[in-house]
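Visitor: With the numbering used here applied, the sequence shown covers 983 to 1551. By construction, the Cβ of each residue, glycine as well, lies at the ideal position given by its N, Cα and C atoms. Only a predicted model underlies this, so the values are computations on that prediction, with no experimental measurement involved.
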Amino acid sequence: MLNADARAALTQLVQRYHSSLDKKRADLMAAYHAASESGWNEDGTAVLKLLVHRMAGSAASYGFADLGDAARMLDQALQFRTVGEPPEHLSNHFDRLTRELDACLRRPPPGDPHAGTAQDTAQNRLTELPRIVLVDDDPAMVDILTRQLMAVGFDISGFTDPFAAMESVGGIRPACILMDLMFSEGEDYGFQIAEAMVARLRYKPGLVYLSQRTDVRARQWAVDSGADAFFTKPVNVTALAQLLEQFVGRGEPGPIDVGRIAIIEDDVQIGQYYSTLLEGSGFRTALVSDPVEALERLLEFRPDLVLMDMQMPDLDGIELTQILRQHESLFDIPVIFLTSVSDPGLLRGALRAGADALLSKGDDPELILSVIQRRIQRFRRVTYTLTRDPLTRLYNRPALMERVSFELQRAQRDEQAFCIAAFDIDGYRELNETHGRSVGDHVLREINEQVRARLRHVDVVGRYGGAEIMIVMPSTRLCSGEAVMNELTSRIAEHPMRFGELTLNVSVTTAVLECQLTRHDSAHSVLQQVLGQLESLLKSAEPNTVRGDRLITSAAVDQKAQGGERRSA
């Protein structure tokens, strides 16, 4: 769904594209004459092929359907012609293209090419929606599920009366609705209530059905009703919490991050169009116009999905996809091709290379947005399961080390300092032995909620092991990192934790390390130094205190020693 600003921006892009058609026509005529003078050899037709191919994609994308169709027909004729073959069979296609160009130039530019398919941001985009609505006519189910989800940090509004839920949903503005499927009114009554609740909202929340039914028909109904997931009772609370995390985005300021998309398109006009379309629907985008630079940009941007043109100079989309599939950090990222090509051989080649979907330039934007959203949701669910600690839902140790390594490399490239902090819960082992592991788990989750509520969106939090939590704070100097951790340490110590009738006073011991790399450092060796120095700081710190220091890398020591030797000489 597009917001009003995005629709206005798209309209401006359409008008700008319309204004450029006169020059595009002149360029096409010049390229056609150059191809003719070259005897229609491969080099002579290269520019014409490129211009026609780009117009086939851009015209369709910007709403000039007839022009795009004419360009596509000429593009196919040029692609499959024999080198040096006389141009008689091309002239009809070229004449049609120039006629369509002339017709477009005579007409005023179209308005918003997607009017009627979008709603305003305020009506459909989730911002700051921390609450979950649970509807089930079984009071025991509502009570136990509410307690379990609240214990892991979710804000739940539970209802046993579906009509009360329907009346209240507008004021609650939930990020997600958990809906029982079967009520006394009928075995599919949950679908009707959910539909009525969504209709009262001005956006589309997450929708999850809960049911004792396991048959395909019930799941089919859920799919048809727009459900995001279907859980059978008894509900796996850990899996449900992992799913809800994606809808709530708790601890992250501003709009929920619906996805990061890298657009690889050599035609800047087409790239700008899709960037505007996607950002107007809540996605974050990075536009790459040179496919040769794509690998470096993708490693820096870390997208959830790559939207890629299939045919590009120097490095086409199929080759680039094969390169991405070879890289350990990018091999599993979804790749969607946007193309104006209809050659079955090329399309099969794209699928063999590892493309996840193929879409045509000029497809309905709602279809494009829907396909992208579904691929990102699937990718994030798999990634979440593989990279998260099941108890705390923080990054697990392997994923945490990957993020630390990435931050070390970025800090070295940008020549910026950052902080890594680690804290340990004081007396955690004794707490487990005295009160039981369930109390220890509750304390760990409670502390993690306080940590995530205080940190920035860009900060990374992971469970390093046992009761030890590690925090990565990009672009942060030691004084700021110590201030943040001092505040957290004080907050944890000053707020007793309650578990049933039990009240506990808990404290943490914290170490903060400022890291700044030189260009001579090895990120791998520095990682080992970071972990070793953090461990030493933690061991030497007093309980309920923060101890900070600066990392001094081996390369920095060697460089300083060499400088001293030169001064002595």
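Distance, Cα to Cα, Ala1493 vs Glu1469?
Guide: Start at 1 with the first residue of the sequence shown, and residue 1493 comes out as number 511. Start at 1 with the first residue of the sequence shown, and residue 1469 comes out as number 487. One C-alpha to the other measures close to 13 Å.
Visitor: Using 7 Å as the threshold, is the C-beta distance between Thr1365 and Tyr1377 below it?
Guide: For the purposes of this step, residue 1365 is taken as the residue at position 383 of the sequence shown. For the purposes of this step, residue 1377 is taken as the residue at position 395 of the sequence shown. No. Outside cutoff.
Visitor: Please report how far the alpha carbon of Ser1457 lies from the alpha carbon of Thr1500, in whole angstroms.
Guide: Stepping through the sequence shown from its first residue, residue 1457 is reached at position 475. Stepping through the sequence shown from its first residue, residue 1500 is reached at position 518. Near 15 Å, if we compare the C-alpha coordinates of Thr1500 and Ser1457.
Visitor: Am I right that Leu1426 and Leu1373 are in contact with their C-beta atoms under 8 Å? What's the rounded C-beta distance?
Guide: As a position in the sequence shown, residue 1426 is number 444, starting the count at 1. As a position in the sequence shown, residue 1373 is number 391, starting the count at 1. Contact flag correct, Cβ pair sits at about 7 Å.
Visitor: What is the rounded straight-line gap between the Cα of Val1205 and the Cα of Gln1174?
Guide: Translated into positions along the sequence shown, residue 1205 becomes position 223. Translated into positions along the sequence shown, residue 1174 becomes position 192. Looking at the two C-alpha atoms, the distance is approximately 14 Å.
Visitor: To which residues of the same chain is Tyr1171 closer than 6 Å at the C-beta, ignoring the five residues directly before and after it?
Guide: In the sequence shown, residue 1171 corresponds to position 189, counting from 1. Answer for Tyr1171: Phe1165, listed in chain order.
Visitor: Take Thr1321 and list the residues in its own chain whose beta-carbon comes closer than 6 Å to its own, dropping the five residues that flank it on each side.
Guide: If you number the sequence shown from 1, residue 1321 lands on position 339. Result list for Thr1321: Met1292, in chain order.
Visitor: Compute the Euclidean distance between the alpha carbons of Leu1281 and Val1274, then round it to the nearest angstrom.
Guide: Taking the first residue of the sequence shown as 1, we reach residue 1281 at position 299. Taking the first residue of the sequence shown as 1, we reach residue 1274 at position 292. Roughly 13 Å between the two C-alpha positions.
Visitor: Alpha carbons only, please: which of Gly1444, Phe1136, Gly1140 is nearest the one belonging to Val1124?
Guide: Here residue 1124 corresponds to residue number 142 of the sequence shown, with the count starting at 1. Closest by alpha carbon: Gly1140.
Visitor: Would you identify the three-state DSSP class for Val1034, choosing helix, strand or coil?
Guide: Locating residue 1034 in the sequence shown gives position 52, counting from the first residue. Note: Val1034 maps to helix in three-state DSSP.
Visitor: From the DSSP output, in three-state form, read off Met1438 for me.
Guide: Position 456 of the sequence shown holds residue 1438. Residue identity differs from the one stated: residue 1438 is Arg in this sequence, not Met. In this structure, DSSP gives Arg1438 a state outside helix and strand, which the three-state scheme calls coil.
Visitor: Between Ile1354 and Leu1495, which are expected to be in contact by the criterion C-beta below 8 Å, what is the C-beta distance as a whole number of angstroms?
Guide: As a first step, residue 1354 must be located in the sequence shown, where it is residue number 372. As a first step, residue 1495 must be located in the sequence shown, where it is residue number 513. In fact, because the Cβ distance is near 39 Å, the residues do not count as touching under 8 Å.
Visitor: Does DSSP classify Asp1120 as helix, strand or coil?
Guide: As a first step, residue 1120 is located in the sequence shown; it is residue number 138 there, counting from the start. Three-state DSSP puts Asp1120 in coil, outside helix and strand.
Visitor: Would you list the one or two residues that DSSP bridges to Pro1138?
Guide: Here residue 1138 refers to the residue found at position 156 of the sequence shown. Per the sequence shown, the amino acid found at residue 1138 is Ile instead of Pro. BP columns for Ile1138 point to Ile1114.
Visitor: Leaving aside the five residues before and after Arg1201 along the sequence, list all residues of the same chain whose C-beta is less than 8 Å from its C-beta, in chain order.
Guide: Sequence index remark: in the sequence shown, residue 1201 carries index 219 (1-based). Phe1212, listed in sequence order.
Visitor: Name the two residues that bound the continuous beta strand (DSSP E) containing Asp1406.
Guide: Position 424 of the sequence shown, counted from the first residue, corresponds to residue 1406. Element bounds for Asp1406: 1400–1407.
Visitor: Ser1518 to Asp1531, Cα distance in whole Å?
Guide: By one-based count along the sequence shown, residue 1518 stands at place 536. By one-based count along the sequence shown, residue 1531 stands at place 549. Those two C-alpha atoms are separated by around 11 Å.
Visitor: Could you name the residues that DSSP lists as bridge partners for Thr1214?
Guide: Here residue 1214 refers to the residue found at position 232 when the sequence shown is read from its first residue. Ser1193, per the DSSP bridge assignment.
Visitor: Suppose you measure from the CA of Ser1018 to the CA of Asp1298; what does that come to, to the nearest Å?
Guide: Counting from 1 along the sequence shown, the entry for residue 1018 is found at position 36. Counting from 1 along the sequence shown, the entry for residue 1298 is found at position 316. If I take the Cα positions, the gap works out to 26 Å.
Visitor: Helix, strand or coil: how does DSSP classify Val1288 here?
Guide: Within the sequence shown, numbered from 1, the residue matching residue 1288 stands at position 306. Val1288 falls in the strand class under three-state DSSP.
Visitor: What whole-angstrom Cβ distance do Ala1159 and Ala1176 have, given they're in contact under 8 Å?
Guide: Position 177 of the sequence shown, counting from 1, holds the residue named residue 1159. Position 194 of the sequence shown, counting from 1, holds the residue named residue 1176. Checking the sequence, you will find Ile at residue 1159 rather than Ala. At roughly 6 Å, the Cβ-Cβ gap stays under 8 Å, so Ile1159 and Ala1176 are in contact.
Visitor: Under 8 Å by Cβ, that's how I've got Arg1182 and Gly1152 pegged, so tell me the actual separation to the nearest angstrom.
Guide: Your numbering for residue 1182 matches position 200 in the sequence shown. Your numbering for residue 1152 matches position 170 in the sequence shown. About 5 Å; that satisfies the 8 Å criterion.
Visitor: If you pair each beta-carbon of the stretch 1332–1345 with each one of the stretch 1041–1048, do three or more pairs fall below 8 Å?
Guide: The stretch 1332–1345, when compared against the stretch 1041–1048, does touch it at the 8 Å Cβ threshold.
Visitor: Return yes when the Cβ of Val1219 is within less than 7 Å of the Cβ of Gln1130, no when it is not.
Guide: The count along the sequence shown starts at 1 and reaches residue 1130 at position 148. The count along the sequence shown starts at 1 and reaches residue 1219 at position 237. In contact: Gln1130 and Val1219 (Cβ atoms closer than 7 Å).
Visitor: Return helix, strand or coil for Tyr1185, following the three-state DSSP convention.
Guide: Taking the first residue of the sequence shown as position 1, residue 1185 is located at position 203. Reduced to three states, the DSSP call for Tyr1185 is coil.
Visitor: Could you tell me the distance, in whole angstroms, from the CA atom of Val1288 to the CA atom of Ala1244?
Guide: Locating residue 1288 in the sequence shown gives position 306, counting from the first residue. Locating residue 1244 in the sequence shown gives position 262, counting from the first residue. Cα to Cα, Val1288 sits roughly 5 Å from Ala1244.
Visitor: With Ile1453 and Val1440 assumed to form a contact (beta carbons below 8 Å), what rounded beta-carbon distance in angstroms separates them?
Guide: Position 471 of the sequence shown, counted from the first residue, corresponds to residue 1453. Position 458 of the sequence shown, counted from the first residue, corresponds to residue 1440. Incorrect: roughly 11 Å between the Cβ atoms, too far for contact.
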